[in-house]
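Only one structure is covered here, and it is reproduced in the block below.
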Amino acid sequence: MNSSFESLSTELLFEFFDYLSPFDLFRIFINLNNRLNAIVYSYPLRLDFRSICRSKFDFICRHLQPKQVISLILCDECVPDRVKLFLYHFPHFKEQFLHLQSITLIEAETITFIDLPISVSSISIKIYDTDDYYDQNYISEILSRQAKVLTHLKINSKDLHDLIDIRFPALTHLIIGGGCYYDSDYDYMDVSFPLENTDVHSLIQQWQCFLTHLYLVIDNKIQYSIFNLDRFSHCLTHLALHFYQESFRSSFWLEQRHWYVGCYQDETEKGTIIYSIPRFQIRMLKYPSAKFPHMTTAPSIIEQNFFYSSRINYFSFDMNKLITPVSYRFNQVKSLTLSGSSLLSLSILSSTVDLQQVQYLNVININHLLPNELENLIAHTPRVIRLSMKFDPLFIIPSQIRYLLLDGLGRSISLDRLSYTISSVERLEISMASKQMIIDVIDRFNGLENLDIYFDDGDLDDDCMTIFKG
Numbered sequence: 004m005n006s007s008f009e010s011l012s013t014e015l016l017f018e019f020f021d022y023l024s025p026f027d028l029f030r031i032f033i034n035l036n037n038r039l040n041a042i043v044y045s046y047p048l049r050l051d052f053r054s055i056c057r058s059k060f061d062f063i064c065r066h067l068q069p070k071q072v073i074s075l076i077l078c079d080e081c082v083p084d085r086v087k088l089f090l091y092h093f094p095h096f097k098e099q100f101l102h103l104q105s106i107t108l109i110e111a112e113t114i115t116f117i118d119l120p121i122s123v124s125s126i127s128i129k130i131y132d133t134d135d136y137y138d139q140n141y142i143s144e145i146l147s148r149q150a151k152v153l154t155h156l157k158i159n160s161k162d163l164h165d166l167i168d169i170r171f172p173a174l175t176h177l178i179i180g181g182g183c184y185y186d187s188d189y190d191y192m193d194v195s196f197p198l199e200n201t202d203v204h205s206l207i208q209q210w211q212c213f214l215t216h217l218y219l220v221i222d223n224k225i226q227y228s229i230f231n232l233d234r235f236s237h238c239l240t241h242l243a244l245h246f247y248q249e250s251f252r253s254s255f256w257l258e259q260r261h262w263y264v265g266c267y268q269d270e271t272e273k274g275t276i277i278y279s280i281p282r283f284q285i286r287m288l289k290y291p292s293a294k295f296p297h298m299t300t301a302p303s304i305i306e307q308n309f310f311y312s313s314r315i316n317y318f319s320f321d322m323n324k325l326i327t328p329v330s331y332r333f334n335q336v337k338s339l340t341l342s343g344s345s346l347l348s349l350s351i352l353s354s355t356v357d358l359q360q361v362q363y364l365n366v367i368n369i370n371h372l373l374p375n376e377l378e379n380l381i382a383h384t385p386r387v388i389r390l391s392m393k394f395d396p397l398f399i400i401p402s403q404i405r406y407l408l409l410d411g412l413g414r415s416i417s418l419d420r421l422s423y424t425i426s427s428v429e430r431l432e433i434s435m436a437s438k439q440m441i442i443d444v445i446d447r448f449n450g451l452e453n454l455d456i457y458f459d460d461g462d463l464d465d466d467c468m469t470i471f472k473g
């Protein structure tokens, strides 16, 4: 018995089509004969336009029948205006895509609003820009129009608060992800995560929905109790908590690529910074901190070397909070800022920071610092050339200091005494309270290479003035 491909049943052809991309489907089978055309145009299409060239994109748009599309992914992330171009091909989107069930919008930067057909019950929206007012508006507008029929929603955590006043009575599946921003200058990813300050249970109660599936992308350090997940026990049948770091613990990253990441919560406590090791540089560190050392996927020897032997530009050390003994020492601190009620012993300081490497020293925020203590500290930091301190007329600035910032000069300072204490300084940074003091300082300290004067008197127009040696 003879048989041909076109004589196969529609069901078998559909199974074969499942292995083809939409482009190959149309390229191979369209316009061969009427039967195949009818079968191709009745095949439910799932279109993913994230990574596709312009020629293939246009080809698919020319040949597809909107009614056959059940799933659609539109993305402006790699190719700008892809969403806008798609709507150009299909200007009556809502009336054309009558069988569309699911839509995903990624970085949709078009000013053209997408009005969805009532058939769409699943929406996924991913926007990286956390401050774009238009993005926030169009997200809430799209979701409010679909609220009554929406059963599946995937959204970034940062956009949750814009949906507080919307009701989702049909919603059963919710995925809350983290919005990410990649900083190419500093090689890290900022993962927006305001869920810490969000009562998820109360929010979902306001939506008036009966969730059965909940998926949360959360920070490793966040406690489960913060989400009150036990209050979902009456309705949830599936719960998944995804930690950011777990994605990078596979054998592919750790064993094959030897590629490691670290993460920590930023200072605003609204996001998580994810960075690569060892390329990322910790530029600023407040110590001690419960958040340090950061969580990483690196082996302990690489982790210790990265955290304690890599260069740190700005190291702020609150001596009141230090718990001794110290396990590790920071070996490459460039700028050291000390604060606290009094100065710790040099042995403790040296066990925490390699003082030999420090170039900039700030002791302004030490409440009680004797001249001999400061002199001894500077003697143990031989590379320090820049010093920030409270003015002390009894302290003679060591000859190694070239850049000096003095705090708290006051209105009645003796310029003779000041001149004597800073005889070796090349650049001086001070604050003045009157015009006459400024004139006197300029006249007296003409040997300085640079003089930076900050004003703290309201009758002076400028905030700062720098005077260079003529």
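In terms of the working numbering, the sequence shown opens at residue 4 and continues consecutively. Even for Gly, the Cβ is constructed at its ideal location relative to N, Cα and C.
- Per DSSP, the unbroken alpha helix (DSSP H) holding residue 423 starts and ends at 418-424.
- Counting only runs of at least 4 residues, the segment 343-369 fully encloses the following alpha helix (DSSP H) elements, listed from N- to C-terminal order: 349-355.
- Residue burial annotation: residue 261 is exposed, with fewer than 16 other C-beta atoms found within 10 angstroms of its C-beta.
- By the neighbour-count definition (other C-beta atoms within 10 Å, threshold 16), residue 55 is a buried residue.
- Boundaries of the beta strand (DSSP E) around residue 391: 389-393.
- Bounds of the beta strand (DSSP E) holding residue 289 are 287-290.
- Secondary structure note for residue 435: its beta strand (DSSP E) is the uninterrupted segment 430-435.
- Beta-bridge partners of residue 240 (DSSP): none assigned.
- According to the DSSP assignment, residue 405 belongs to no beta strand (DSSP E), since it is labelled neither H nor E.
- Residue 77 is a Cβ neighbour of residue 108, given a cutoff of 7 Å.
- Among the bridge pairs identified by DSSP, residue 107 is matched with 76 and 127.
- Per the C-alpha coordinates, the member of 369, 90, 126 and 356 positioned closest to residue 65 is 90.
- In this structure, the straight-line span from the alpha carbon of residue 254 to that of residue 264 is close to 14 Å.
- Per DSSP, reduced to three states, the secondary structure at residue 455 is strand.
- Boundaries of the alpha helix (DSSP H) harbouring residue 92: 85-92, taken from the DSSP string.
- Nearest to residue 174 by alpha-carbon distance, out of 395, 126 and 424, is 126.
- A straight line joining the alpha-carbon of residue 343 with that of residue 290 spans about 12 Å.
- Per the coordinates, the alpha-carbon of residue 57 lies some 12 Å from the alpha-carbon of residue 81.
- Taking the C-beta atoms as reference points, residue 16 is found nearer than 7 Å to residue 42.
- Of the residues 310, 259, 304 and 404, the one whose Cα lies closest to the Cα of residue 278 is 310.
- The beta carbon of residue 68 is closer than 7 Å to those of 44 in its chain, skipping five residues each way along the sequence.
- Cβ-Cβ distances below 7 Å link residue 120 to 97, 100, 101 and 103 in the same chain, with the five nearest sequence neighbours on each side left out; the list follows chain order.
- Under DSSP, residue 155 takes part in a beta bridge, and its partners are 125 and 176.
- For residue 294, the three-state secondary structure derived from DSSP is coil.
- With a contact defined as Cβ atoms closer than 8 Å, residue 362 and residue 388 qualify at about 6 Å.
- Under the DSSP assignment, residue 55 falls outside any alpha helix (DSSP H); it carries neither an H nor an E label.
- In this structure, residue 456 sits away from residue 428, with a CB-CB distance that is not shorter than 7 Å.
- The secondary-structure analysis by DSSP pairs residue 321 across a beta bridge with 342.
- In the three-state DSSP reduction, residue 381 falls in the helix class (H, G or I).
- Between the alpha carbons of residue 320 and residue 446 lies a gap of roughly 38 Å.
- Of the other Cβ atoms in all chains shown, fewer than 16 fall within 10 Å of the Cβ of residue 423; this residue is therefore exposed.
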